[in-house]
Amino acid sequence: MASYLIIVIALLSFFLPTIIAISSNNAGGIAIYWGQRGDEGTLEETCASGNYAFVNIAFLSAFGNGTNPVLNLAGHCDAHTGQCTVLSSDIKSCQAKNIKVMLSIGGATFQNYTLTSSVDAGQVAAYLWNNFLGGQSSLRPLGDAVLDGIDFVIEGGQYHYWDDLAKNLSSYNNQSKKVYLTAAPQCPFPDTCLGTALSTGLFDYVWVQFYNNHQCEYNKGNITGLQDYWGIWTSNIHADMIFLGLPAAINASITGFIPPANLTSEVLPIVKNSTKYGGVMLWSRYWDKLTNYSSFIKSYV
Numbered sequence: 001m002a003s004y005l006i007i008v009i010a011l012l013s014f015f016l017p018t019i020i021a022i023s024s025n026n027a028g029g030i031a032i033y034w035g036q037r038g039d040e041g042t043l044e045e046t047c048a049s050g051n052y053a054f055v056n057i058a059f060l061s062a063f064g065n066g067t068n069p070v071l072n073l074a075g076h077c078d079a080h081t082g083q084c085t086v087l088s089s090d091i092k093s094c095q096a097k098n099i100k101v102m103l104s105i106g107g108a109t110f111q112n113y114t115l116t117s118s119v120d121a122g123q124v125a126a127y128l129w130n131n132f133l134g135g136q137s138s139l140r141p142l143g144d145a146v147l148d149g150i151d152f153v154i155e156g157g158q159y160h161y162w163d164d165l166a167k168n169l170s171s172y173n174n175q176s177k178k179v180y181l182t183a184a185p186q187c188p189f190p191d192t193c194l195g196t197a198l199s200t201g202l203f204d205y206v207w208v209q210f211y212n213n214h215q216c217e218y219n220k221g222n223i224t225g226l227q228d229y230w231g232i233w234t235s236n237i238h239a240d241m242i243f244l245g246l247p248a249a250i251n252a253s254i255t256g257f258i259p260p261a262n263l264t265s266e267v268l269p270i271v272k273n274s275t276k277y278g279g280v281m282l283w284s285r286y287w288d289k290l291t292n293y294s295s296f297i298k299s300y301v
């Protein structure tokens with residue numbers, strides 16, 4: 001019996017590191033967007049749910065081309081009057097739970113953002129660094145909390161100079177804190193607005209929107225389009241991790257909703273085969289709070 005146990009222990013010691021490595025590679029997190037519905041709960045509550053690894057504060061909806069930057073957080077607070085500085089403690093609470101908190105710039109509605117030159121991109125990067133990241137400013141809209149990075153949600157405006165913005169933001173990495181770069185491109189490849197920026201290889205996490213695009217989304221049990229484009233994204237984008245972006249409710253998007261049972265049984269087993277799989281991104285906290293989508297899928301992600 002003793003010799004048998006010795007053999008078993010030896011085998012476990014040999015194979016266990018490999019098993020752990022495989023489990024780690026297949027493990028993912030959930031990213032969520034917060035800020036566009038006043039009735040979605042607080043940022044602190046969002047992080048306290050324990051469901052998310054990333055929270056994207058959305059959106060800085062106006063910037064560039066000499067425009068006065070505008071932080072639009074719907075019914076949560078009015079950044080123009082300084083009300084949003086109260087979020088600083090919430091952000092710190094999230095980060096204390098090892099949740100990365102990003103500022104999302106752009107968005108699909110009320111678009112008033114564009115970059116007109118490399119110089120413009122540098123000026124926007126400096127503004128973001130000084131007002132939301134590790135720099136210094138007396139007018140920080142979210143108070144003294146230092147966000148973890150910038151999330152690019154560029155769905156309008158001019159298609160140029162976003163690569164320059166990424167390069168300028170990355171140049172601050174030699175300062176006090178790493179600036180994480182994330183992006184939420186549409187699933188058709190390459191993304192019209194962000195293709196050039198993503199080709200820089202500077203982005204840490206890319207959560208691809210696999211919804212509102214018929215050719216590359218899940219459609220009534222048909223996974224072919226999603227699977228094909230997932231393969232394209234994971235094979236062609238130099239990022240640390242790629243996330244599967246999905247609506248958290250059937251009414252959260254026009255098309256592309258995947259019922260949780262279908263996601264866990266049909267889709268995740270396929271996308272998790274990629275070494276670049278990072279997890280799932282959900283739009284948005286409001287919808288997720290209504291459906292508990294993240295709670296249903298968390299143990300499978």
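Numbering (full-length UniProt numbering) for the sequence shown: 1 to 301. For every residue, glycine included, the Cβ atom is placed at its ideal position computed from N, Cα and C.
Among the options, the one whose alpha carbon lies nearest that of residue i
i, options, result
"Asp204", "Thr196, Thr182, Tyr211", "Thr182"
"His238", "Leu198, Phe132, Cys193", "Leu198"
"Ser104", "Leu290, Tyr286, Gly28, Phe54", "Phe54"
"Ala31", "Trp287, Gly279, Phe296, Asn292", "Gly279"
"Ala126", "Phe63, Cys187, Asn222", "Phe63"
"Leu202", "Asp240, Phe189, Lys177, Cys216", "Asp240"
"Asn112", "Leu282, Gly245, Asn131, Val153", "Val153"
"Leu133", "Glu155, Leu169, His80", "Leu169"
"Ser117", "Gln158, Pro141, Thr85", "Gln158"
"Phe257", "Pro269, Asp288, Lys276", "Asp288"
"Val285", "Ala27, Ile57, Gly29, Gly28", "According to the sequence as given, residue 285 is Arg; it is not Val. Closest option to Arg285, Cα to Cα, is Ile57."
"Thr255", "Trp230, Tyr172, Trp283", "Trp283"
"Ala261", "Tyr277, Tyr300, Asn251", "Tyr300"
"Phe59", "Ile270, Gly143, Cys187, Gly107", "Gly107"
"Asn292", "Gly35, Gln36, Glu40, Asp191", "Glu40"
"Ala74", "Ser295, Thr42, Phe189, Gly66", "Thr42"
"Ser171", "Pro190, Trp129, Gly143", "Trp129"
"Leu246", "Ser294, Lys276, Ser274, Asn65", "Ser294"
"Gly225", "Lys298, Thr275, Ile270", "Ile270"
"Thr109", "His80, Gly82, Gly135, Ser61", "Ser61"
"Ser137", "Val267, Thr85, Lys167", "Thr85"
"Lys243", "Ala252, Asn51, Met281, Asn251", "Inspection of the sequence shows that residue 243 is occupied by Phe rather than by Lys. Measuring from the Cα of Phe243, the nearest candidate turns out to be Met281."
"Asn273", "Leu290, Ile250, Gln227", "Gln227"
"Ser95", "Val206, Tyr52, Thr114, Gln83", "The residue you asked about is not Ser; residue 95 is Gln in the sequence shown. Of the listed residues, the one whose Cα sits closest to Gln95 is Tyr52."
"Trp207", "Gly195, Arg140, Pro190, Ala184", "Ala184"
"His76", "Gly35, Gly82, Thr114, Gly66", "Gly35"
"Gly38", "Tyr229, Asp78, Val267, Gly143", "Asp78"
Three-state class that DSSP yields for residue i in the structure shown
i, result
"Tyr286", "helix"
"Thr182", "strand"
"Gly225", "helix"
"Asp151", "strand"
"Phe54", "strand"
"Ala21", "Residue placement at Ala21 is poorly supported in this model, since its pLDDT is 34, which falls under 50; the coordinates are not used for a value here."
"Leu71", "strand"
"Ile270", "helix"
"Ser171", "helix"
"Phe296", "helix"
"Gln158", "coil"
"Ala2", "A caution first: Ala2 carries a pLDDT of 41, below 50, which makes its placement in the model unreliable, though a value can still be read off. Looking at Ala2 - three-state DSSP - the assignment turns out to be helix."
"Thr81", "helix"
"Asn262", "helix"
"Cys187", "coil"
"Thr291", "helix"
"Leu12", "In this prediction, Leu12 has a pLDDT of 36, which is less than 50 and means its spatial position is unreliable; nothing more can be read from the coordinates."
"Glu40", "coil"
"His238", "coil"
"His214", "helix"
"Leu198", "helix"
"Cys47", "helix"
"Ala252", "coil"
"Ala27", "coil"
Those residues which DSSP pairs with residue i across a bridge
i, result
"Phe243", "Trp207, Gly279"
"Trp233", "Answer by DSSP bridge pairing: none, since Trp233 is not bridged."
"Phe63", "Tyr113"
"Ile32", "Val55, Leu282"
"Asn219", "Asn222"
Segment contact, 8 Å Cβ cut-off, at least three pairs: the region 145-152 with the region 83-102: yes
Inter-stretch contact at 8 Å, needing at least 3 Cβ pairs: the region 83-94 / the region 44-57: yes
Segment contact, 8 Å Cβ cut-off, at least three pairs: the region 209-216 with the region 234-241: no
The region 160-169 in contact with the region 65-76 per 3-pair CB rule at 8 Å: no
Ordered list of alpha helix (DSSP H) runs contained in the region 87-144, each at least 4 residues: 87-96, 118-132
The region 216-227 in contact with the region 173-180 per 3-pair CB rule at 8 Å: no
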